[in-house]
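Have a look at the structure below before the remarks.
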Amino acid sequence: MACDTFIKIASKCKRHFVVLQAGETEPFIDEIVRTMRKITCDLSPQQIHTFYEACGYMISAQGQKSTQERLIAELMSLPNAAWDQIIASAHQDPSILQDGETIKVIGNIMKTNVSACSSIGSYFYPQIGRIYREMLTMYRASSQMIDEAVQRDGNIATKMPKVRGLRTIKKEILKLINTYVEKADDLEMVHNTLVPPLLEAVLLDYKRNVPDAREAEVLNVMTTIINKLHSLMEDQIPAILESVFECTLDMINKDFSEYPEHRVEFFKLLRTINLRCFPSLLRLDARQFKFVIDSCMWASKHDNREVESAGLNMCIELMNNMAETDQQTCNAFFQNFFTTILQDVFFVLTDSDHKAGFKYQSILLARMFWLVAGDKLQGPIYTPDLAVAGTPNRDFLREFVGNLLSTAFPNLQPTQITAFIDGLFQHNSDLTRFKLILRDFLIQLKEFSGDNAELFAEEREKAVQDAKDQERERAMKVGGLLKPSEIDDDEL
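Our numbering applies: residue 18 is where the sequence shown begins, and numbers increase by one.
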């Protein structure tokens, strides 16, 4: 309770701890870091991590770089001393890393670093630079011991206490790097100094591991780095995909339930690559690129809403990118994949189990009709086996969708289908109207009899958020109605 209160005070009043107050001989943060051992000696590991995070907020408010670096060094002196001792002992006798207590200590050291980094932010570089090389060596050593345990005892070894401890070390190392990169300002330094040894340490290890020993955090770190560095990572994308793409896909494509963390992070990674390093996707060979499209559409059929949303969003963004790339690539993409994507979109749109995805399903469908109705695509959207060469895209799309719907829903009258398709062509640039046409059509289907509240989820969520915003705006006009914790720093 005291630690929770302390971190709230530290985050809201951090500036007061780093300036000299009246009647004091030094800022309070100096006293805290000097007496850290005495303050934390009776705390549990979790409480210690919270305390370090609170101190990190204070140190982040120190504007003088030299003073700040001194405070970071003093703050981290205890975990660094323990770390240095373990590293020195491991050089003399590597078997100490097999000791359960040592494994637990290393895990706690890494968690302490994560806690401090989360609040200190980009200023944490002196500390992460100090331990980075040994940290990746520890990652490799932990991985090797996990592999040996799996070879000796089988996959059940990944559930044993010692191996779980080793996996905690790996996860916390990845979490520390992820936390720092998210907050880093010097992107060239991250790209040139941190990324190369990281990729060398984790990618091949991820690919070689048995599925149960692969860490989903690897995918998360790759996503964060690509999201942060954008085009700087384009040259590394092929190596990343080579190491994580097919082996992860093989883990998650058997069903919709195994390895839930991996499947969420996998589709986040693909979407980020498309958003931030799109040119690197164009360098994939035809087989790999088809895997990406298939993964997108498979995700759109997923029962996990986060995965479903990621798949649909990526497909929307990929289509937008392809429509704006060079003409040859654009033509090839839409000729080979337009009808495949269209069929899958209509499949999930008319499947009552996927009502929750209506928002992004409708956006994707509207975009596809807009591209055709507005003559945005110069090449055909069909392969030679589907239509006679020279058939206008509009005519093909109208006939293709009509056949698709009449085959899937024989209870529908031809006039209903024709009116529906006319509406899609006429209102694809007005998303609100487009959604209304889709909803009306879906409610006509027998498959959608019953509760269709999820089709209107977006409007309900917006109404709730608007009400909250109005209430907050009203409360801000009267002093004391909002708690200090509810007020953003820039509003103070």
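Beta carbons: idealized from backbone N, C-alpha and C, even for Gly.
- Taking the Cα positions, proline 255 is about 49 Å away from threonine 52.
- Proximity of the stretch 47 to 63 to the stretch 102 to 115 falls short of the contact definition, fewer than three beta-carbon pairs being nearer than 8 Å.
- At the C-beta level, isoleucine 310 and phenylalanine 354 come within 7 Å of one another.
- Looking at the backbone, the Cα of aspartate 164 and that of isoleucine 173 are separated by about 12 Å.
- According to the DSSP assignment, proline 401 belongs to no alpha helix (DSSP H), since it is labelled neither H nor E.
- Within the stretch 404 to 456, the complete alpha helix (DSSP H) runs of at least 4 residues fall at 410 to 425, 431 to 443.
- With the rule of 3 Cβ pairs closer than 8 Å, the stretch 70 to 88 counts as touching the stretch 127 to 140.
- Ranked by Cα distance from threonine 357, the first of Leu448, Pro409, Phe417, Glu341 is Phe417.
- Judged by DSSP in its simplified three-state form, methionine 93 adopts coil rather than helix or strand.
- Relative to the Cα of valine 281, the nearest Cα in the group Asp320, Lys307, Arg304, Leu60 belongs to Asp320.
- Sixteen is the threshold: when 16 or more other Cβ atoms of the shown chains lie within 10 Å of the Cβ of threonine 265, as they do, the residue is buried.
- Close CB contacts of aspartate 361 within its chain, under the 8 Å cut and outside five residues either way in sequence, are with Met314, Ser317, Lys318 (chain order).
- If you draw a straight line from the Cα of threonine 196 to the Cα of isoleucine 186, it is about 15 Å long.
- Under the three-state reduction of DSSP, valine 198 is assigned to helix.
- For the pair valine 50 and leucine 95, the CB atoms are not nearer than the 7 Å cut-off.
- Inclusion of tryptophan 387 and asparagine 445 in the CB contact set at 7 Å is warranted, their separation being smaller than that value.
- Of all alpha-carbon atoms in Gln395, Asn420, Leu258, the one lying nearest the alpha-carbon of leucine 403 is that of Asn420.
- Of the residues assessed, glutamine 253 falls on the buried side of the cut-off, its CB having 16 or more other CB atoms within 10 angstroms.
- Judged by their CB atoms, leucine 183 and methionine 162 are nearer to each other than the 7 Å cut-off.
- Annotation for phenylalanine 273: His319, Asp320 place their beta carbon closer than 6 Å to its own, counting only its chain and skipping 5 residues before and after.
- Excluding sequence positions up to five before and after asparagine 125, its CB lies within less than 7 Å of the CB of Pro62, all in the same chain and listed in chain order.
- Inter-residue distance for glutamine 79 and phenylalanine 34 is about 9 Å (C-alpha atoms, whole angstroms).
- Put simply, the backbone Cα of glutamate 189 is about 15 Å away from that of threonine 67.
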